[in-house]
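Scroll down for the structure; my scribbles are underneath it.
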Amino acid sequence: MDLESMTYEDHTKKARKKLVILLVSLILVVAILGSVFLYVSCTYNATDFSLIRLEEDAFYVTGGFLYPRDEGFMPKNDYVASYNLNTGKLHKYALESFDLSSVGLDGEFSYFRYQPDTSETAPKGPIYAADQTLLPLCYANTDTKFVYVNEEGQKFLVDTARGTSAPLFANSTAEGVDPYGKCITQFSRNGLCAIGMDKNTLTVYIRANVTDHTIGTVHKIDLSEYGKSFDLFFVSENYIGIFAYEGGDEFTTYICNAQTAELAKVEYNDALNCKPEALSSSPYGQIYCPLDTKKEDMPSDTYLCRYVNVFTAAVTEHKLSPAVTWAAPIATSPSGQYALINAPKAVPDLFFSKAGSRQFGCKALEDELLGEGAVLEPERVYFLADNIVLANYTQGGETKSVIFKICF
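This is the structure we're talking about:
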């Protein structure tokens with residue numbers, strides 16, 4: 001039968017037949033893909049962790065940067081790295097050296113240029129000191145200017161493009177500005193606010209603009225009635241966290257508004273073991289402190305490991321075995337939902353946990369990912385993201401690191 005002699009009904013039947021075949025094929029494809037997805041999903045959900053990469057170097061992690069260490073965990077001045085959350089790769093930045101004598105200062109300044117993931121092709125990135133202790137001052141640096149600190153604590157702004165150096169806060173318009181900023185210890189992430197302690201006085205400098213370091217506003221806040229010594233942290237661009245110590249290890253937490261100089265005590269609803277050795281933190285500045293577990297609030301079939309963000313007062317709880325009588329986080333993720341927990345009477349006694357979810361022991365990680373003789377160093381575990389972890393470990397007398405993903 002040729003096309004001209006076919007009736008309308010014949011064309012319709014043929015089209016319907018092709019449509020049925022197409023629909024059946026699509027249904028089969030969807031069913032197969034659905035089965036594969038379900039299998040992969042179930043397999044993934046049953047997995048505790050997965051390897052991202054192994055590194056021959058060990059690292060100290062702060063401010064999101066990975067600083068390589070040797071076997072004695074002393075600095076290795078070869079490079080500094082950052083971790084790419086999208087690719088799972090390390091971006092390594094070679095260290096360079098700037099001769100300070102060219103700008104009238106003494107010595108050399110070791111640095112690297114940080115290029116964010118969004119600017120991989122940029123010819124230059126902002127200058128960061130190779131010494132991680134100077135990182136809090138580097139947020140004020142640009143691709144041509146950096147803050148240099150001499151042995152007396154005086155701070156200079158070095159302009160590599162012009163070949164000049166000058167006191168960091170020279171030509172400031174506000175009263176009470178030390179041009180050398182000797183008491184200043186850190187800048188906010190956007191580089192606009194600088195803070196430090198001068199005896200018992202909190203000093204806050206706020207830049208007048210983003211183009212130079214002219215200070216337009218100064219706050220000097222007497223903290224002597226709140227404690228005898230203090231630790232400072234930037235909680236955000238405009239808020240400062242303060243630990244105030246009365247004499248021993250215990251401290252009280254305050255929040256200061258950098259713009260208005262208003263001070264407020266952070267209140268907790270639970271008894272708090274606020275001692276420095278009890279704190280855990282993320283590499284991005286969040287700090288957590290264990291809370292006492294109240295027996296009357298605890299179900300008989302569980303133990304609650306509880307800790308609080310010392311600046312937001314947000315409490316996180318992990319449900320553990322009732323055999324546990326004491327537990328505390330050693331390392332915590334930025335949100336606080338994931339943690340490496342030490343619970344001496346639990347089996348295992350050192351494990352990774354997600355609040356409201358499950359746990360897995362470090363021994364399983366050592367055996368499955370690292371091999372014979374590998375031992376994790378719990379005090380050198382860092383959360384690069386909520387469920388991405390860098391852990392340093394020893395094996396065969398060498399220190400190395402592993403980056404892995406928690407799969408729940």
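This note's numbering numbers the first residue of the sequence shown as 1 and each following residue consecutively.
Ideal Cβ placement from N, Cα and C applies to all residues, glycine included.
Spatial distance of P402 from L51 (CA atoms):
For the record, residue 402 in the displayed sequence is Val; it is not Pro. Cα to Cα, V402 sits roughly 8 angstroms from L51.
Among A385, D386, G371 and S281, nearest to Y393 - alpha-carbon criterion
Answer by Cα proximity: G371.
Grab me the residues of V235's own chain with a C-beta within less than 7 angstroms of its C-beta, minus the 5 sequence neighbours each way, in chain order.
Non-local C-beta neighbours of V235 in its own chain, meaning closer than 7 angstroms and more than five positions away in sequence, comprise G241, I255 and F311, ordered along the chain.
Ignore the nearest five residues each way along the sequence and tell me which others in F233's own chain have a CB closer than 6 angstroms to its CB.
So the list reads G241, once near-sequence residues are dropped.
Close Cβ partners of Y141 (< 7 angstroms) along its chain, the five nearest in sequence each way excluded:
Reading off the sequence, residue 141 comes out as Asn, not Tyr. Here the set comprises P126, I127, Y128 and V147.
Mind reading off the beta-carbon distance from V149 to L134? Whole number of angstroms is fine, and I expect it under 8 angstroms.
V149 to L134, Cβ: 7 angstroms. Contact.
Extent of the continuous beta strand (DSSP E) run through L202:
Segment T201 to R207, the beta strand (DSSP E) holding L202.
Got a sec? Which residues, its chain only, sit under 6 angstroms from P290 by beta carbon, not counting five neighbours each side?
The residues are N273, A278, Y307 and A328.
The beta strand (DSSP E) that contains P290, what's its start and end?
DSSP places P290 in the uninterrupted beta strand (DSSP E) bounded by I287 to P290.
State the DSSP-derived secondary structure class of D367, mapped to helix, strand or coil.
Assignment of D367 by DSSP, reduced to helix, strand and coil, places it in the helix class.
If contacts are defined as beta-carbon pairs under 8 angstroms, then A339 and A331 qualify, I think. What distance do you get, rounded to the angstrom?
For A339 against A331, the beta-carbon gap comes to about 7 angstroms, under 8 angstroms, which counts as contact.
Reference C138; option with closest CA among S333, C193 and K354
The residue with the shortest Cα to Cα distance from C138 is C193.
For L134, report the span of its beta strand (DSSP E) as first-last.
Premise fails: L134 is in no beta strand (DSSP E) and is neither H nor E.
For G63, which residues does DSSP report across the bridge?
In DSSP, G63 forms no bridge with anything.
Considering only C-alpha positions, which residue in the set F98, G88, K124 and Q132 is nearest to H65?
A small correction: the amino acid at residue 65 is Phe; His does not occupy that position in the sequence shown. Nearest C-alpha to F65 among F98, G88, K124 and Q132: Q132.
What number of angstroms, rounded off, separates the C-alpha of Y111 from the C-alpha of P322?
Rounded to the nearest angstrom, the two C-alpha atoms are 51 angstroms apart.
Please state the DSSP three-state secondary structure of G396.
The answer is coil: DSSP assigns G396 none of H, G, I, E or B.
Determine, using beta carbons only, whether K124 and D106 come nearer to each other than 8 angstroms.
Not a contact, by the Cβ cut-off of 8 angstroms.
Just mark K199 as buried or exposed, buried being the case when its beta carbon has 16 or more other beta carbons within 10 Å.
Looking at its Cβ environment, which holds fewer than 16 other Cβ atoms inside 10 Å, K199 is exposed.
For K220, does the three-state DSSP call read helix, strand or coil?
Under the three-state reduction of DSSP output, K220 falls in the strand class.
Tell me which same chain residues have a C-beta within less than 8 angstroms of the C-beta of S102, skipping the five on either side of it?
For S102, the CB contacts under 8 angstroms within the same chain, skipping 5 residues up- and downstream, are G163 in chain order.
Residues near A258 by beta carbon distance below 6 angstroms, same chain, minus five either side:
So the qualifying residues of the chain are C193, V204, N238 and I240.
With a 10 Å radius around its C-beta and 16 neighbouring C-beta atoms as the bar for buried, classify R358 as buried or exposed.
Exposed.
Cα-Cα, which of K89, N86, I221 and L95 is closest to K76?
That would be L95, whose Cα lies nearest to the Cα of K76.
Selected residue, minimal CA-CA separation from E175, among V375, H318, L365 and T217:
The shortest CA-to-CA distance from E175 to any of V375, H318, L365 and T217 is the one to T217.
Among F49, G356 and Y288, which one has its Cα closest to the Cα of F404?
For the options F49, G356 and Y288, the alpha carbon positioned closest to that of F404 is the one of F49.
For V266, the three-state DSSP class (helix, strand or coil):
Judged by DSSP in its simplified three-state form, V266 adopts coil rather than helix or strand.
When you compare each of S172, Q337, P276 and G361 to F243 by their alpha carbons, which one comes out closest?
Of the candidates S172, Q337, P276 and G361, the one whose C-alpha sits nearest the C-alpha of F243 is P276.
Where P276 sits in the DSSP three-state scheme:
It is helical.
What is the residue span of the beta strand (DSSP E) that L376 lies within?
Run containing L376: V375 to A385, per the beta strand (DSSP E) assignment.
Quick check: what's the CA-CA separation for K325 versus K319?
Correcting the residue type first, residue 325 is Thr in the shown sequence and not Lys. Going from the Cα of T325 to the Cα of K319 covers about 12 angstroms.
Quick one: measure Cβ to Cβ for T214 and S172, integer angstroms, because I've assumed they're closer than 8 angstroms.
T214 to S172, Cβ: 5 angstroms. Contact.
Give the DSSP-derived three-state secondary structure of R306 in the structure shown.
Judged by DSSP in its simplified three-state form, R306 adopts strand.
Might you give, ordered along the chain, the residues of its own chain that have their beta carbon closer than 6 angstroms to the beta carbon of G181, omitting 5 neighbours on each side?
The residues are K155, L168 and F169.
For R162, name the three-state secondary structure that DSSP assigns.
Correct three-state label for R162: coil.
Return the chain-ordered ranges of every beta strand (DSSP E) run that is complete within the stretch 92-116 and spans a minimum of 3 residues.
Complete beta strand (DSSP E) runs here, min 3: 96-99 and 108-113.
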